[in-house]
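Chains as they are written, first to last, in this note's numbering: chain Z, 14 to 339; chain H, 359 to 611.
Ideal placement from N, C-alpha and C gives every residue a C-beta, glycine not left out.
None of these values were measured; they are calculated from a predicted model.
See structure below.
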């Protein structure tokens, strides 16, 4: 087998037609290497889940090509299913059964015998520490417990690649951190992981490489480090009083300055990308005073993945991601 | 065979669900028992009236109830599958190499088992009230009732999968429930109805089952309405099951 576990070429999936045509996935090229955690980052509605559903055989593609675990998803979906694990956003564990029953049934649906499925279930229960609750009804689980069972279900068939769709959405910070550890541990044990998320921290912490998706297209790809390096230097975040006109002038004025690489604006928040924040700050304060703009807040930071996203799309992932629907 | 094994596994899963919540069997019997206790006394006066000429009124009324038990049990299964869709259970199964037909057949066979149990129990309850049963006829009636529950429960799961929302399912379930019930001749024989109503009733599969059910319960097996009901139901069952399987095969988001 090659080292590439997932490869897509010009993948397309449209919904609706005429004026309501939605180009959910519009020419996506992806490549996931064996053993890595691949992050798929983007706001809600970017097309991440649709892409994932194509790769996991849940949705037929319109055009292009998708190879998963060495198999063409269009030509032989049954064989793809045997080789992958998938944990959807909503989970998938059956509330009306015990945790262990969920696991054994999952194994048996992959064609394992009763003994094999039970052995494998016990192995997973030990590996990701479900012991405390595997013998309880799933309906009694906490959110964190249920999530871990969901992930365990995705691992029953020893998949070549595990797809995790927004795995930590809805978890509290403690459970989120714990799941991050589990995911890292799975990678150490040799599992390739394809993870979608709209949390920047999650992509930054977990992903070896990532692709950023927006409006059905890939807008950036690389390691988190390389992506952030594209925006070298410092970022000054400036909040001004609500005076739109002056803020516009300030943006164009800042762009004329030699020490400024780029400026992005969202309402009354400006992000100024500069070579050296400490020397740029006094200059900027002087400009603000000239424009008679009242400064509300100012902070200095190193670039984040949000800056990458902002630069590529003109929107902030942090503020634009809530309330959307995928 | 993988497919038979899949069906067995998914059937057992649903049977366990029922065993953990056996009260369902009894709540399913409440509607027919209420009909028997609170409605059938009204019919007693009609003994010998047109449409009721063949012996005790219960012999006319109870077979209809048996058919209705099957119909109602199947119609409401959509609510259960919406819950499973919402929790991602169906999607999880669809990402495994499980046969798509088994995803439908497992739960449908569980519903079939439940209905056979409920119908048999209810028949036993009805005998002391004065219901006469012809054993062979009853067993053939069970076949017919079985096809009806397979049809309505396949329809129920498929429509639940398509709509994915209780608020959208309810108008369809309620919209089908009452007209099919009224046009089945379960409450009063359709032979009492005016011609136009009888014509409409002939488009209702449940009507054929009720008509045939009355004959079968009395032991009249080789009758035209029985043959008609079987012909109608075999076609309808094959059609509904294949349509529902296709629905499970298609994308469900």
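| query | result |
| --- | --- |
| At 8 Å on the CB atoms, spell out the chain Z contacts of residue 454 of chain H, in chain order. | 94, 119, 122, 123 and 170 |
| Kindly list the residues whose CB is nearer than 8 Å to the CB of residue 191 of chain Z, restricted to its own chain and excluding five residues on each side of it in sequence; keep chain order. | 157 |
| By Cβ distance below 6 Å, which residues in the same chain neighbour residue 548 of chain H in space, the five residues on each side in sequence not counted? | 556 and 559 |
| Would residue 28 of chain Z be called buried (16 or more neighbouring beta carbons within 10 Å of its own) or exposed? | exposed |
| How about residue 278 of chain Z: is its C-beta nearer than 8 Å to some C-beta of chain H? | no |
| Report all residues from its chain with a CB closer than 8 Å to the CB of residue 137 of chain Z; omit the five preceding and five following residues, and keep chain order. | 116, 143, 165, 168 and 169 |
| Span of the beta strand (DSSP E) holding residue 28 of chain Z? | 17-28 |
| On the DSSP bridge assignment, give the partners of residue 207 of chain Z in chain order. | Z:51 and Z:176 |
| Under 8 Å, do residue 342 of chain Z and residue 100 of chain Z count as touching if we go by C-beta distance? | Outside the displayed range of chain Z (14 to 339) lies residue 342 of chain Z, so it cannot be described from this structure. |
| Compare the C-beta of residue 198 of chain Z with all C-beta atoms of chain H and state if any pair is closer than 8 Å. | no |
| Please compile the residues from chain Z whose C-beta is within a distance smaller than 7 Å of the C-beta of residue 447 of chain H. | 105 and 107 |
| Quick check: the Cα distance between residue 276 of chain Z and residue 295 of chain Z, rounded to an integer number of angstroms? | 17 Å |
| Grab the span of the alpha helix (DSSP H) containing residue 415 of chain H for me, first residue to last. | 415-433 |
| Please report how far the alpha carbon of residue 339 of chain Z lies from the alpha carbon of residue 159 of chain Z, in whole angstroms. | Caution applies to residue 339 of chain Z, whose pLDDT of 37 falls short of 50 and renders its modelled position unreliable; the value that the coordinates give is listed next. In a straight line, the C-alpha of residue 339 of chain Z is about 22 Å away from that of residue 159 of chain Z. |
| Compute the beta-carbon to beta-carbon distance between residue 398 of chain H and residue 416 of chain H, rounded to the nearest angstrom, for a pair I have assumed lies under 8 Å. | 6 Å |
| Just by C-beta distance, which residues in the region 189-215 of chain Z are closer than 9 Å to chain H? | none |
| Ignoring anything shorter than 4 residues or poking outside the region 134-190 of chain Z, list the alpha helix (DSSP H) runs there in chain order. | 156-168 |
| Does chain H have any CB closer than 8 Å to the CB of residue 82 of chain Z? | no |
| Is it the case that the Cβ atoms of residue 572 of chain H and residue 464 of chain H are separated by a distance below 8 Å? | no |
| Between the Cα of residue 365 of chain H and those of H:414, H:445 and H:468, spot the shortest distance and give me the residue it belongs to. | H:468 |
| Nearest chain Z C-beta to residue 364 of chain H closer than 8 Å, yes or no? | yes |
| Please tell me whether residue 77 of chain Z and residue 25 of chain Z are closer than 8 Å, where the distance is taken between their beta carbons. | yes |
| Under 6 Å Cβ to Cβ from residue 599 of chain H, same chain only, skipping five residues before and after it: list those, please. | 512 |
| Considering only residues of the same chain and omitting the five flanking positions on each side of residue 639 of chain H, which have a CB-CB separation below 8 Å? | Because chain H is modelled from 359 through 611, residue 639 of chain H falls outside the range shown and cannot be assessed. |
| Can you pull the chain Z neighbours of residue 410 of chain H, defined as C-beta to C-beta under 7 Å? | The contacting residues do not exist; residue 410 of chain H stays about 45 Å from chain Z at best. |
| Taking C-alpha atoms, which residue in Z:323, Z:291, Z:234 and Z:106 lies nearest to residue 247 of chain Z? | Z:291 |
| If you draw a straight line from the C-alpha of residue 42 of chain Z to the C-alpha of residue 460 of chain H, how long is it? | 35 Å |
| What are the residues in the region 299-311 of chain Z lying within 7 Å of chain H by C-beta distance? | none |
| Quick check on DSSP: helix, strand or coil for residue 89 of chain Z? | coil |
| Applying a beta-carbon distance threshold of less than 8 Å, which residues of chain H neighbour residue 110 of chain Z? | 371, 374 and 375 |
| Residues of chain H with CB under 7 Å from residue 69 of chain Z, in chain order? | 453 |
| Taking contact to mean 3 or more Cβ pairs, one atom from each stretch, closer than 8 Å, check whether the region 201-217 of chain Z and the region 49-60 of chain Z are in contact. | yes |
| Please report the Cβ distance between residue 518 of chain H and residue 527 of chain H, rounded to the nearest whole angstrom; I am assuming they are in contact, meaning their Cβ atoms lie under 8 Å. | 6 Å |
| Count the CB pairs spanning the region 575-584 of chain H and the region 488-495 of chain H that are closer than 8 Å, and state whether there are at least three. | yes |
| Does the beta-carbon distance from residue 220 of chain Z to residue 237 of chain Z come in below 8 Å? | yes |
| Could you check the C-alpha separation between residue 240 of chain Z and residue 323 of chain Z for me, to the nearest Å? | 12 Å |
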